[in-house]
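My numbering numbers the first residue of the sequence shown as 92 and each following residue consecutively.
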Amino acid sequence: MYDLSKFCGNILGLTGFIAVLQNVFVSSIWIVYLFSWHINRSNNLSNNQDVANKEELDPELSKYSLRFSTKVKIFIIVISSLAVHLSEGIRMSYLLISGIDIRNVYGKYFCRFHTFVHCVASCTSTWTFALLWLNKLFSLLVGWRYFWIVNSKITTFIQTSMLIIINILANYIFWSSGEFCNKYYYNKDFIYTWFILGLFLPKIISIISSILIIRIYNKHESEMNISYALITSSDMEVINITTRYMNRMYAVKLTLILEFRHQYTDAVDESQTDRNTRRRFHLSITIQLK
92 MYDLSKFCGN ILGLTGFIAV LQNVFVSSIW IVYLFSWHIN RSNNLSNNQD
142 VANKEELDPE LSKYSLRFST KVKIFIIVIS SLAVHLSEGI RMSYLLISGI
192 DIRNVYGKYF CRFHTFVHCV ASCTSTWTFA LLWLNKLFSL LVGWRYFWIV
242 NSKITTFIQT SMLIIINILA NYIFWSSGEF CNKYYYNKDF IYTWFILGLF
292 LPKIISIISS ILIIRIYNKH ESEMNISYAL ITSSDMEVIN ITTRYMNRMY
342 AVKLTLILEF RHQYTDAVDE SQTDRNTRRR FHLSITIQLK
């Protein structure tokens, strides 16, 4: 009779290996995008050095990319998620091959280090994602006047640094007490505490923030008539761009990818336009209150 526990271990090991490949693929896409954004931005700045008056530069070109604070948080989420699935994927793969948990092979110190890295990376990823939605919600509530408070480089550095330091200290204090590795599968207090503080609470914050963001967008849509028009001085052609679909995008993680694809496509099309023609473009934003 085939051992059921070994079969379950093989399934878990295969799942961990697939998760590692998936996260390596997604992480490589985001890392390449962040570096390509930096290179593209440097090229745009170098191409515009011949303009004497800097005020003549099109200010809308910077809006076709994600903000700096969003890029930093996405980078942290990608690296943390990659560390989580790499650490767990290696353990599951070793369990699949040998049938032995790798944390029990190299002693309790390796076990504690492996679990510490896994929990710190997992908490950092989930709480950074929650912080990303809280910043978006705060930006909508305070308006553009205090928008720089959340999205400045100094604020982003302080937020991310404090988040990582608190996660490391909290996990270090938690792990320094008791023989964790000997009671991992039996310590229900640890499992419940780490699940609530590290996974459940930030997910709830993310869901509530996304729901509030959708409500705010729906409220603004019902009170305002927003139309974006791209006008050329030659033929006065008007292209109206609707933003209704954005109300549903903030509920899932794919929002970031969809928003990037939409904005990046527009940026590529716009950047290929002749420079002299592009300078004659005017973005007309008309907001009519009821």
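Quick reminder that beta carbons are idealized off the backbone N, C-alpha and C, glycines included.
Computed from a predicted structure; not experimentally measured.
Closer than 7 Å by C-beta to residue i: which residues in its own chain qualify, once you throw out the five before and the five after it? Chain order, please.
i, result
"H209", "V175, S178 and E179"
"S297", "F220, A221 and W224"
"F229", "V241"
"A261", "none"
"F201", "R194"
In chain order, what residues of the same chain lie with their CB nearer than 6 Å to the CB of residue i, ignoring the 5 residues before and after it?
i, result
"A212", "S171, A174 and V175"
"S160", "N242 and T247"
"R158", "N242"
"P293", "T217, W218 and A221"
For the putative contact between residue i and residue j, defined by C-beta atoms under 8 Å, what is the C-beta separation to the nearest angstrom?
i, j, result
"L231", "I304", "6 Å"
"R182", "I193", "5 Å"
"T251", "I167", "6 Å"
What residue from the options has the CA that sits closest to residue i's CA?
i, options, result
"F291", "W218, T246, N258 and S189", "W218"
"W285", "Y263, N195 and I167", "Y263"
"C214", "I259, K310 and I240", "I259"
"V163", "R306, I307, I255 and I295", "I255"
"G61", "F207, K244, I249 and L187", "Outside the displayed span of the chain (92 to 381) sits residue 61, for which this structure offers no information."
"I307", "V233, K244 and K294", "V233"
Within 9 Å (strictly less), CB to CB, does residue i reach chain B?
i, result
"V211", "Checking the listed chains, one finds no chain B in this structure; it contains a single protein chain."
Beta carbon of residue i: closer than 8 Å to some heavy atom of the ligand HEM?
i, result
"Y200", "Summarising the ligand content, the structure contains no ligands, and the ligand HEM is consequently not present."
Please specify which runs of the alpha helix (DSSP H), each continuous and at least 4 residues long, are wholly inside the stretch 177 to 243, giving them in chain order.
-> 199 to 233 and 238 to 242
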